[in-house]
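So the sequence shown is residues 1 to 523, counted in the numbering used here.
Beta carbons: idealized from backbone N, C-alpha and C, even for Gly.
Owing to the predicted nature of the structure, the values given are computational and were not obtained by experimental measurement.
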Amino acid sequence: PLPSKLVPKEGQFQFTKATRLIWPQADAGLKPVVEGFAAQLRKASGLPLEYFSANSTAIPKGGHLYFIEAAPGKMGLEDYRLTIEPDRIGIVAASPKGYFYATQTLLQLLPAEAFSPELARKVEWTAPCVQVEDQPRFGYRGLMLDVGRHFFPVAFIKKYIDLLALHKMNTFHWHLTDDQGWRIEIKKYPRLTQVGSRRDSTIVGHASRGNLAYTGKYDGKPYGGFYTQDEIREVVRYAQSRFVTIVPEIELPGHALAALSAYPELGANPDKRYRPATTWGVMDDVFLPREQTFQFLENVLTEVMAMFPGEYIHIGGDECPKKTWKESSFCQELMKKEGLKDEHELQSYFIRRIDKFITAKGRKMIGWDEILEGGLSPNATVMSWRGIKGGIEAARQKHDVIMTPSTFFYLDYYQGDSKTEPLSIGGYLPLRKVYSYEPIPTELKPEEAKYIQGAQANIWSEYIATPAQAEYMTYPRACAVAEVVWSLKDCCTFDDFVARLKVHFKRLDYLGVKYDGAHVEAN
């Protein structure tokens, strides 16, 4: 993304065999950042790029890259200053995060070959002299990947995180459960992955209107996959090393068919043989708000929180049909007992129970904007996806908000002509429209706007079955998302963004990203 302030200067700095990387002796937490930068550039350039810590009196002069500690209280944790002069490079920051983002900018100021996975020959390893002062506009800058509909291997999840970090995004929302598959190992409930992670078949093509009425083709192939707890922890550590926080999502009370397939006693009909869904859409079978269900969910979330140390736990809360609750004598009696006027308030009762549990564990609950219906839980953060109305309403109620409106930030929508593009869920979202999005609604007063914590783009995977297709749908639109959430409002024109993006494509080529370069200037 474009920095907050960038002033070009005369000349250039050249990395040579003599160049060293030097960081303050007192800042041991900076070492992994220095090592990561050196490892990438060393791999591409073949230069030794030795690094060490030193106090200010022992720092050698000339031709080196210096990491300099900011004066206390003068910079935010993600801010940085980058000064490139002919005889030195200086990076000033207040935390390893700031230094990390500075190194991403520095890598992008070098030739694109800096991102090569192997030694690049006949390259002048120079960076133009420049003064950069940079900080993010929003604290939450996210991308979501749905692994419930289609499963993606750990290697790809790591690559996805690498690309997030390169673009100065700091949040990976991992959609781990849905009607079509449960993808995370829970030790206390092994059937969640033994049964819930596998569906018998998958719909081919689009379902008819209403999804469940579809009577066409299925592929007849069993489909499954899940992450072990060891794999989850490995990915969490990997993300932490790149200053990316993972937000896990465990869907409730709807999108629960995979879980009910494993433990039918959690639904309205314990004798029913539930199976993970083989089509897409919204399923009527949901969790029933019994004590047994709450105990199950609390046990699941306890294991989830042990794997994910981040602040947020996402509970879904979207697209929960009320049919089974309306027909359930238990639910109707519970509503009378609790003084709930309708099933929307029953859903709020359900969500409040979970919110209370998550809050007691020292975490924050986040959910899709349906959690507003029937009354918002006291500590909930709202993810506004059905346009911006939910975000406005939540902010006015003094709740934190993440903006993710489908019309601007659903990257599973077509980015070109549906007649020539790979099959998608529908919609049309060209790069220009993504770039045009403004996360703070004009309807909000300044004191309300402060509750907009940031924004996030989503990749739902109903029609995205492979890593290559996921990359194609994500990039370059995620580059636009990154600039929307990092850079200053109205920082530049779309044409300026496109000019920089075309240069950026060379970096993505070296990183092996299967982006869509054909629709960059589509309207």
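Item: Extent of the continuous beta strand (DSSP E) run through valine 123; Value: Looking at the DSSP string, valine 123 is not in any beta strand (DSSP E), and its letter there is neither H nor E.
Item: With 16 other Cβ atoms within 10 Å as the buried cut-off, status of proline 72; Value: exposed
Item: For lysine 322 and leucine 340, the rounded distance between their alpha carbons; Value: 14 Å
Item: C-beta contact flag for isoleucine 459 and threonine 474 at 7 Å; Value: yes
Item: 4 or more residues per run - each alpha helix (DSSP H) lying fully within the segment 447-498; Value: 467-474, 477-486
Item: Coarse secondary structure for proline 309, derived from DSSP in three states; Value: coil
Item: DSSP three-state assignment for histidine 64, whether helix, strand or coil; Value: strand
Item: At least three beta-carbon pairs within less than 8 Å, the segment 225-234 to the segment 140-156; Value: yes
Item: Limits of the beta strand (DSSP E) - the one that tryptophan 368 falls within; Value: 364-368
Item: Contacting residues, own chain, Cβ-Cβ under 6 Å from proline 3 (five flanking each side not counted); Value: Val132, Asp134
Item: Stretch-stretch touch, CB-based, cutoff 8 Å, three pairs: the segment 258-266 with the segment 364-377; Value: no
Item: Bridge partners - arginine 199, DSSP secondary structure assignment; Value: Tyr223
Item: Chain-order list of residues whose beta-carbon lies under 8 Å from that of proline 32 (same chain, five-residue window excluded); Value: Pro96, Ser241
Item: Whole-number beta carbon distance between histidine 167 and alanine 478, since they are thought to touch under 8 Å; Value: 7 Å
Item: Alpha-carbon spacing of valine 503 relative to phenylalanine 13, whole angstroms; Value: 20 Å
Item: Contact under 7 Å by Cβ, arginine 191 with alanine 258; Value: no
Item: Test item: CB-CB of proline 1 and serine 487 under 7 Å; Value: yes
Item: For alanine 114 and tyrosine 80, believed in contact at Cβ under 8 Å, the rounded distance; Value: That belief does not hold up - the Cβ atoms of tyrosine 80 and alanine 114 are roughly 18 Å apart, past 8 Å.
Item: Bridge partners - tryptophan 385, DSSP secondary structure assignment; Value: Partner(s): none; tryptophan 385 has no beta bridge.
Item: Complete runs of the alpha helix (DSSP H) confined to the segment 273-331 [at least 4 residues]; Value: 291-307, 323-327
Item: Straight-line Cα distance separating isoleucine 161 from leucine 334; Value: 43 Å
Item: Lysine 361 versus valine 7: straight-line alpha-carbon distance, rounded; Value: 46 Å
Item: Straight-line Cα distance separating leucine 260 from glutamine 415; Value: 35 Å
Item: Limits of the unbroken alpha helix (DSSP H) element including arginine 88; Value: Run containing arginine 88: none in the alpha helix (DSSP H); it sits in the beta strand (DSSP E), 88-93.
Item: Close Cβ partners of serine 116 (< 6 Å) along its chain, the five nearest in sequence each way excluded; Value: Ala44, Tyr510
Item: Other residues of its chain near tryptophan 23: CB distance less than 6 Å, five sequence neighbours each side excluded; Value: Leu30, Val34, Ser53, Phe67
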